[in-house]
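Structure, as structure tokens:
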Amino acid sequence: MTDASRIATPQGRTLAYHLTEAAGERPTVVFLGGFNSDMGGTKAVFLEEWCAGQGLSFLRFDYSGHGESSEAFTDGCIGDWAEDAAFILSEVTSGPLILVGSSMGGWISLLMTRRMPERIAGLVTIAAAPDFTEDSMWAGFTEAQRLALEMVEQVALPSEYGEPYVITKRLIEDGRNHLLLRDPVPLPFPVRFLHGTADADVELSVALRLMERAEGADIHLRLVKGADHRFSTPECLALISGAIEEVLAAL
Numbered sequence: 001m002t003d004a005s006r007i008a009t010p011q012g013r014t015l016a017y018h019l020t021e022a023a024g025e026r027p028t029v030v031f032l033g034g035f036n037s038d039m040g041g042t043k044a045v046f047l048e049e050w051c052a053g054q055g056l057s058f059l060r061f062d063y064s065g066h067g068e069s070s071e072a073f074t075d076g077c078i079g080d081w082a083e084d085a086a087f088i089l090s091e092v093t094s095g096p097l098i099l100v101g102s103s104m105g106g107w108i109s110l111l112m113t114r115r116m117p118e119r120i121a122g123l124v125t126i127a128a129a130p131d132f133t134e135d136s137m138w139a140g141f142t143e144a145q146r147l148a149l150e151m152v153e154q155v156a157l158p159s160e161y162g163e164p165y166v167i168t169k170r171l172i173e174d175g176r177n178h179l180l181l182r183d184p185v186p187l188p189f190p191v192r193f194l195h196g197t198a199d200a201d202v203e204l205s206v207a208l209r210l211m212e213r214a215e216g217a218d219i220h221l222r223l224v225k226g227a228d229h230r231f232s233t234p235e236c237l238a239l240i241s242g243a244i245e246e247v248l249a250a251l
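Residue 3 in UniProt numbering is what sits at position 3 of the sequence shown, and the numbering runs on without skipping anything.
And the structure:
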């Protein structure tokens with residue numbers, strides 16, 4: 001595998017990325033990963049190979065504090081990672097984009113539809129988790145955890161994926177500046193939401209609430225019985241690529 005390319009942001013962060021460019025003027029597919037994940041995950045690598053076979057340009061990258069990019073994970077927040085995404089999309093891609101956002105990447109991709117609406121041609125989300133810092137983390141904290149957040153400005157949460165997540169006061173407070181599900185979410189392009197019914201990290205109610213808030217002429221929610229949050233089985237990966245094909249066909 002080739003080494004990642006790197007680009008410095010105006011804020012002094014360094015982002016690692018892989019860009020595969022194809023001939024032609026079809027949209028570039030962009031994968032936006034989840035909270036504390038990285039661009040080397042199963043879905044990102046699968047989509048890179050799939051897009052190459054389809055003659056589609058493809059971008060995967062690490063937010064600051066994730067994977068191969070600079071900074072500490074605990075220093076980041078939703079605003080920083082959205083800033084990273086907007087910068088790298090503007091600097092290393094051109095033309096229309098199809099965003100594929102996984103978990104937190106679903107939230108970030110929805111924020112991109114507001115920041116650069118003229119660039120977004122379509123959207124696919126996988127277990128999208130908009131507003132999770134407020135509606136899942138903060139809402140689920142005990143009084144002791146809230147007190148710890150106030151006193152020492154961080155709290156550790158257990159994770160099924162490895163080391164505990166250290167959640168900072170800044171992450172929670174900054175997340176409140178980027179909440180989406182309190183208002184309509186205009187999505188005037190083909191959209192496919194994917195969600196597994198066995199997802200233990202993002203409740204099905206989040207997908208239903210997003211579907212309720214979303215406004216557009218071509219928006220579909222596909223529920224996959226038994227699929228978990230990883231959504232990385234061969235069957236699930238085929239559903240992701242199929243959703244991209246549907247978006248392309250609708251353009």
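Glycine included, every Cβ here is placed at the ideal spot set by N, Cα and C.
Do you know how far the Cα of residue j is from the Cα of residue i?
i           : j       : result
Gly-24      : Val-247 : 18 Å
Pro-186     : Leu-221 : 15 Å
Pro-158     : Leu-251 : 42 Å
Gly-67      : Ala-4   : 11 Å
Ala-26      : Ala-52  : For the record, residue 26 in the displayed sequence is Arg; it is not Ala. Cα to Cα, Arg-26 sits roughly 13 Å from Ala-52.
Ala-8       : Phe-61  : 13 Å
Met-112     : Val-92  : 15 Å
Trp-50      : Gly-175 : 33 Å
Lys-43      : Pro-184 : 29 Å
Gly-76      : Gly-65  : 6 Å
Pro-10      : Asp-84  : 10 Å
residue 253 : Ala-144 : Absent from the structure is residue 253, since the part of the chain shown begins at 1 and ends at 251.
Trp-81      : Ser-205 : 25 Å
Val-224     : Ala-249 : 22 Å
Ile-244     : Val-45  : 15 Å
His-229     : His-18  : 24 Å
Glu-150     : Tyr-165 : 17 Å
Based on the DSSP secondary-structure assignment, which residues constitute the bridge partners of residue i?
i       : result
Ile-98  : Val-29, Gly-122
Val-155 : Ile-167
Arg-192 : Val-124, His-220
Val-185 : Ala-214
In the DSSP assignment, the alpha helix (DSSP H) including residue i goes from what residue to what residue?
i       : result
Leu-210 : 204–213
Ala-8   : Taken as a continuous stretch (DSSP letters only), Ala-8 belongs to no alpha helix (DSSP H), being part of the beta strand (DSSP E) at 5–8.
Ala-144 : 143–152
Leu-223 : Unbroken run through Leu-223 is the beta strand (DSSP E), 219–224; no alpha helix (DSSP H).
Cys-51  : 42–54
Between which two residues does the beta strand (DSSP E) holding residue i run?
i       : result
Ala-198 : Unbroken run through Ala-198: none, as it is neither H nor E.
Thr-14  : 14–20
Phe-58  : 58–61
Which word fits residue i, buried or exposed, when buried means at least 16 other C-beta atoms lie within 10 angstroms of its C-beta?
i       : result
Pro-190 : buried
Gly-196 : buried
Asn-36  : buried
Glu-21  : exposed
Glu-163 : exposed
Under 8 Å between C-beta atoms, does residue i make it to chain C?
i       : result
Ile-120 : Absent from the structure is chain C; it holds one protein chain and no more.
- Contact between the region 93–112 and the region 120–131: three or more CB pairs below 8 Å? With the cut-off at 8 Å, the region 93–112 and the region 120–131 touch.
- Take every Cβ of the region 79–91, pair it with every Cβ of the region 148–155, and state whether three or more of those distances are shorter than 8 Å. With the cut-off at 8 Å, the region 79–91 and the region 148–155 do not touch.
- Message: Within 8 Å, do at least three Cβ pairs link the region 157–172 to the region 202–209?
- Response: No: the two stretches stay apart, fewer than three of their Cβ pairs being nearer than 8 Å.
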